[in-house]
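Before any comments, here is the structure.
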Amino acid sequence: MSRSRGPRCSRRRLLWAASGAAVGLAGCTGLQSDAGAHWREGGADDGEYERFGDGTESETAVGESDVDAQTDANGTEGDEDDTTGGSTDDLVIVSADDERDDGIETGGSVVLESDASVDDDVEAGYQVALEDDAELDGNLEAGDDVRLDPGAAIDGNVEAGGGVILSNGAEIDGNLEADGTVAVAGDAEIDGNVTGSAVTVAGDAEIDGEITETG
Numbered sequence: 001m002s003r004s005r006g007p008r009c010s011r012r013r014l015l016w017a018a019s020g021a022a023v024g025l026a027g028c029t030g031l032q033s034d035a036g037a038h039w040r041e042g043g044a045d046d047g048e049y050e051r052f053g054d055g056t057e058s059e060t061a062v063g064e065s066d067v068d069a070q071t072d073a074n075g076t077e078g079d080e081d082d083t084t085g086g087s088t089d090d091l092v093i094v095s096a097d098d099e100r101d102d103g104i105e106t107g108g109s110v111v112l113e114s115d116a117s118v119d120d121d122v123e124a125g126y127q128v129a130l131e132d133d134a135e136l137d138g139n140l141e142a143g144d145d146v147r148l149d150p151g152a153a154i155d156g157n158v159e160a161g162g163g164v165i166l167s168n169g170a171e172i173d174g175n176l177e178a179d180g181t182v183a184v185a186g187d188a189e190i191d192g193n194v195t196g197s198a199v200t201v202a203g204d205a206e207i208d209g210e211i212t213e214t215g
């Protein structure tokens, strides 16, 4: 399978995309009191957020979820070890090509950069992103949205408090339960049952299991 390397996720900002696939991203709900992750249209000014799935996104629109929101709320800034010092919402980054054989448990976001791997379970209170060809060999629990870039893979079950996007070539070998929308693009695959408020399968994507839409 041909895998292209996309742009890297910055240390405190996650770019969320659907690899150009026509996906209906409606009804994404998170665990926050306003019942939804906030996403920003490309080119919008900082602070001008639009609701994920409000019908304004184009097929190739890139929404930007501002990780700064979680640190600013605590009055903290990221430090050199990639965490928000003194905050209960720590941002954990597994650097590109790194292999981590222990699990991750944090109240904040988790980012696996390109070709990084984690060989254990991950629990995050906020968002989780797996960049190109990153691998997680364990279960994933995220309090908010989950994104798998091209070639990223999870060998385990996934539970998300928000929406889930699988880009071209991404794989989940396990069951997926999401409070929000599940979008499976291109030739992405899920080998297990899928539950979401809405489930969209585009292109040659496959789901080998039961699909349940909770509305």
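Numbering (UniProt numbering), first residue to last: 1 to 215.
No residue lacks a Cβ here, since even glycine has one placed at the ideal position from N, Cα and C.
In the assembly as shown, D102 is an exposed residue. Its beta-carbon has fewer than 16 other beta-carbons within 10 Å. If you draw a straight line from the Cα of L166 to the Cα of D90, it comes to about 24 Å. T195 and D98 have their C-alpha atoms some 31 Å from each other. CA-to-CA, the gap between G138 and E159 works out to about 12 Å. Burial is judged here by how many other beta carbons sit within 10 angstroms of a residue's own beta carbon; T212 has fewer than 16 and is exposed. Taken atom to atom, the span from the alpha-carbon of A198 to that of D149 is near 20 Å. Judged by their CB atoms, G162 and G180 are nearer to each other than the 8 Å cut-off. Between D144 and Q127, the CB-CB gap stays under 8 Å.
The closest CA to that of G203, considering only A185, V122, E141, I154, is found on A185. For the set G151, V122, N193, the Cα lying nearest the Cα of E177 is the one of N193. The C-beta distance from E113 to E131 rounds to 5 Å, short enough to meet the 8 Å contact threshold. In this chain, the beta strand (DSSP E) harbouring T212 covers 211-213. Within the segment 134-212, the beta strand (DSSP E) runs of at least 3 residues that lie entirely inside it are, in chain order, 140-142, 146-148, 158-160, 164-166, 176-178, 182-184, 194-196, 199-201.
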